[in-house]
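Here's the structure we're looking at; comments come further down.
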Amino acid sequence: MVNMRSLEAETARPGPSTGAIIAVLGLCGTLVSLQQTLVLPLLPDFPEILGTTSDNASWLVTITLLTAAVGTPIVSRLADMFGKRLMMLVCMWAVIVGSLIGALSTSLGMVILGRGLAGLGACLVPVGISIMRDHLPADKVGSGVALMSATLGIGGAVGMPLAGVIYQSLDWHALFYVSGGFAVVMLVAVHRVVPESTVRTRGRFDYLGAVLLSVALTCFLLAVSKAGSWGWGSPLTLTLLVTAGLVLAAWVPWELRTGQPLVDIRTSMRRTVLLTNAASVLVGFAMFANFLTSAQQVQMPLETGYGFDLSVVATGLALLPAGILMVAMSPLSAALIRRYGPRAVLIGGALAMAVGFVTRALLHGSVVEVMVTSGIASLGTALAFAAMPTLIMRAVPITETASANGLNTLLRSIGTSSASALVAAVFAASMIRTSSGEMAPTFAAYQLVFWAGTAAALGGALIAAFIRRPVRLDESLEPAGAVPTGERVHVKADGERPEVLVRGRVVGPAGRPLRQAVATVLHPDGRHVDWGRTDNDGRYVLALPEGGSYLLVVSAEGWAPQSELVDLDAGEAEDVTMTRRLLLSGHVTDAGRPLGGVMLSLIRHSGEYAGTTTADPDGYYELGLPPPGRYVLTAVDHGTGRTRSRALTVHSTSASLDVDLITGVPRPAERADLTPVAVRQP
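Listed below in structure tokens is the structure:
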């Protein structure tokens, strides 16, 4: 039940300004990217500093990648359940503790532990984006999301020169003091400025799903990250990849079966979400390939013919304009999304990235040319990264925005990990020795990566082109009767007023909760507002712009859908009782005469059991309608030993099929009649 007193008190208090919320959450994105790049310039020196090998020192980057990937879907789901600001504070504390461990340690193991905790800072991005959706006025959400996405670029650009300056001027421990101090500042800022969201889901956390997904991600990312040193054909790499595939094959059915999944696979398979996530992998690949090759190319020795021998600090300064460009693009990205829609902006951003890679392959004679061409790719990255969360949030229930964005962030990180592995493999296979004795990759290796980035960006644009174009429902632009085609477009009635949360239950005639039912709420004129899926207890949560009269539509597998015009306001809505069961029914006859007491068994065409019943004295039978598909219905008269089978195709509506056990026919001839029959509607 929503606490109305606390909700009224929160409404009465003056809330933080929109600009302050955007600024704080954007700086959180900068903190995330700083954590990912801060130790990169020191990797060549860490083996000597910590008394270890280069392969072991690479764990300082690998562990951050692993904890970020594993933690993102888990923290995002917990944010939807227990509070988004709460989980941001938890992640901030993890960064602070991790930085403190790194600052006070001198052993490799402890520094790796600290870096692992700091990796949880990556979870701040999807949670922060969902907070923007909950608290910002509708016309500010796009610019806020675009800015937070863009700060990932400027954080990466600032991180390298900052690390170089700190390392040259102070001690390597100072890197962790600086990052931890920044995290402390952001902890206080989030606590004071960012309000807690009232949009939450109830239920139990999916522990088994979290464990399975964590194992699968760890095995996959570990294999991809370390394959360069282990070898792609090594037994350890292959074992990890096979294990990841097997665990993932077990995880998907579990998520489909459980009522409160860590990741809602059904929602993720919606066309917009699925295609956006697929494009995210490729866009993430292209983005990181551009960043890696830009940073390395300008640092290569002059003897290579394409390098410029820049220092770490100079490299960061050379890349800084591209990071600033990404931030400067955020208001333009938001304006383009409002004008043309996120689908078009995602396509345009991916195409701009492709243009950037092509020009990088052709123009590389000076530092300025590298800066300009990589800047074009960065501009495309800013557009694409701004559009993807917007597409996701329009297509999922409001109560699942954090977990949905978490999955999208995870898939982007898989793309970046793949880019890192590809760049390492290509460069390792094309090394030359310079006149000074240094080893460096050939420019042909760089060009191969450029063309791979071009292909990835074009692939992302092609996938995005198949995303269904949403219908805008802003009343100032479209007639009131416009109806969306499969997209959720939610417009806040008042950016300063919290949304109204409605909680309800879907039950059967006997009061038994129905899980995986879908409750959809629309305005009386047909405009879409929100939708939600029920958990194991049959509960759903919907977020409305304000209380009032709405059209509530409820559907559940095996039940006839129901709809009703209802008055909805904050709190608990009345239970929705599904009254009409969808059935497969018919009569069993013997040469046209009713035949009772006959057993009927339904199996899938592939052999799986679906259900069994017995015909009543009049030969009538009923079975709950199974999921759509091909089935075989078999009637067995135990008194005479006769059987008869009929093939049928079940759709999503009640169906009728009669079975006649013909008398006087020898039993061998009574084998299955698999000729498909037309299914009659009652």
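Take 331 as the starting number for the sequence shown in the working numbering and just add one per residue. Glycine residues also receive a C-beta, built at the ideal position from the N, C-alpha and C atoms. None of these values were measured; they are calculated from a predicted model.
- Query: Going by DSSP, which residues form a beta bridge with Trp-889?
  - Reply: Ala-886 and Arg-911
- Enumerate in chain order the residues of its own chain whose CB-to-CB distance from Ser-982 is below 6 Å, with the five nearest sequence positions on each side excluded. Pro-958
- Message: Looking at Leu-450: is its Cβ nearer than 8 Å to the Cβ of Val-405?
- Response: yes
- Selected residue, minimal CA-CA separation from Leu-547, among Glu-902, Gly-949, Ala-574 and Met-411: Nearest C-alpha to Leu-547: Ala-574.
- Task: Closer than 7 Å by C-beta to Val-475: which residues in its own chain qualify, once you throw out the five before and the five after it? Chain order, please.
- Result: Ile-459, Met-462, Ala-716, Pro-719 and Thr-720
- Message: With a threshold of 8 Å between beta carbons, is Gly-959 in contact with chain B?
- Response: Among the chains of the structure shown, chain B does not appear; only one protein chain is present.
- As assigned by DSSP and simplified to three states, the class of Tyr-950: strand
- Using only alpha-carbon positions, find the residue among Asp-536, Pro-651 and Arg-668 that is nearest to Val-697. The shortest C-alpha separation from Val-697 is found at Pro-651.
- Message: Counting C-beta neighbours from all protein chains within 10 Å, is the total for Gln-498 16 or more, i.e. buried, or is it exposed?
- Response: It is exposed - the Cβ of Gln-498 has fewer than 16 other Cβ atoms within 10 Å.
- Query: Can you list, in chain order, the stretches of the alpha helix (DSSP H) that have 4 or more residues and sit fully within the segment 376–441?
  - Reply: Fully contained in the segment 376–441 are the following alpha helix (DSSP H) runs of length 4 or more, in chain order: 376–380, 384–387, 389–412 and 414–434.
- Below 8 Å between beta carbons: does that hold for Gly-679 and Pro-456? no
- Out of Tyr-870, Met-440 and Ala-608, point me to the one whose CA is closest to Val-427's CA. Met-440
- Below 8 Å between beta carbons: does that hold for Ala-480 and Met-656? With contacts defined as CB atoms closer than 8 Å, Ala-480 and Met-656 qualify as a contacting pair.
- Decide if Met-761 is buried, meaning its Cβ has at least 16 other Cβ atoms within 10 Å, or exposed. exposed
- Figure out for me which residue from Ile-797, His-503 and Leu-895 has the closest Cα to the Cα of Leu-434. Closest by C-alpha distance to Leu-434, out of Ile-797, His-503 and Leu-895, is His-503.
- Item | Residue range of the unbroken alpha helix (DSSP H) whose run includes Tyr-636 | Run containing Tyr-636: none; DSSP gives neither H nor E here.
- Are the CB atoms of Glu-887 and Ser-915 nearer to each other than 8 Å? Not a contact, by the Cβ cut-off of 8 Å.
- Expressed to the nearest angstrom, what Euclidean distance is found between the alpha-carbon atoms of Asp-639 and Gln-627? Roughly 9 Å between the two C-alpha positions.
- Of the residues Leu-844, Leu-987 and Ala-707, the one placed nearest Ala-682, counting alpha carbons only: Ala-707
- Item | Meets three-Cβ-pair contact criterion under 8 Å: the segment 507–517 and the segment 384–404 | no
- Task: Count the other CB atoms, across all protein chains shown, that sit within 10 Å of the CB of Ser-893; report buried if there are 16 or more and exposed otherwise.
- Result: exposed
- Message: In whole angstroms, give me the CA-to-CA distance for Val-779 and Arg-833.
- Response: Roughly 51 Å between the two C-alpha positions.
- Item | Pick from Leu-395, Asp-469 and Val-354 that is closest to Met-422, judged by C-alpha positions | Closest option to Met-422, judged by alpha-carbon separation, among Leu-395, Asp-469 and Val-354: Val-354.
- Query: Ordered along the chain, which non-local residues of its own chain (more than five positions away) have a Cβ less than 6 Å from that of Met-929?
  - Reply: Thr-944 and Val-966
- Is the distance from the Cβ of Gly-862 to the Cβ of Thr-729 below 8 Å? Going by C-beta atoms, Gly-862 is nearer than 8 Å to Thr-729.
- Message: Give me the residue from Ser-473, Gly-653, Gly-878 and Ala-493 with the minimum Cα distance to Asp-897.
- Response: Gly-878
- Message: What does the alpha-carbon distance come out to for the pair Gly-686 and Ala-787?
- Response: 10 Å
- Query: So what does DSSP say about Arg-974, is it helix, strand or coil?
  - Reply: strand
- Answer yes or no: do Glu-684 and Thr-784 have a C-beta to C-beta separation smaller than 8 Å? In the sequence as displayed, the identity of residue 684 is Ala instead of Glu. Yes; because the gap between Cβ atoms is below 8 Å, this pair is in contact.
- Query: What runs of the beta strand (DSSP E), each 3 residues or longer, lie entirely inside the segment 488–525?
  - Reply: List check, beta strand (DSSP E) in window: nothing returned.
- Leaving out five residues on either side along the sequence, give the residues of the same chain with a beta carbon under 7 Å from the beta carbon of Gln-590. Gly-533, Arg-534, Asp-536, Asp-865 and Asn-866
- Query: What residue does the beta strand (DSSP E) around Arg-534 start on, and which one ends it?
  - Reply: Here Arg-534 belongs to no beta strand (DSSP E), and DSSP marks it neither H nor E.
- Rounded to a whole number of angstroms, what is the C-alpha to C-alpha distance between Val-572 and Leu-740? 20 Å
- Item | Sequence-distant residues of its chain with Cβ nearer than 7 Å to Val-420 (five each side left out) | none
- Task: Can you grab the Cα-Cα spacing for the pair Gly-790 / Leu-676, in whole Å?
- Result: 9 Å
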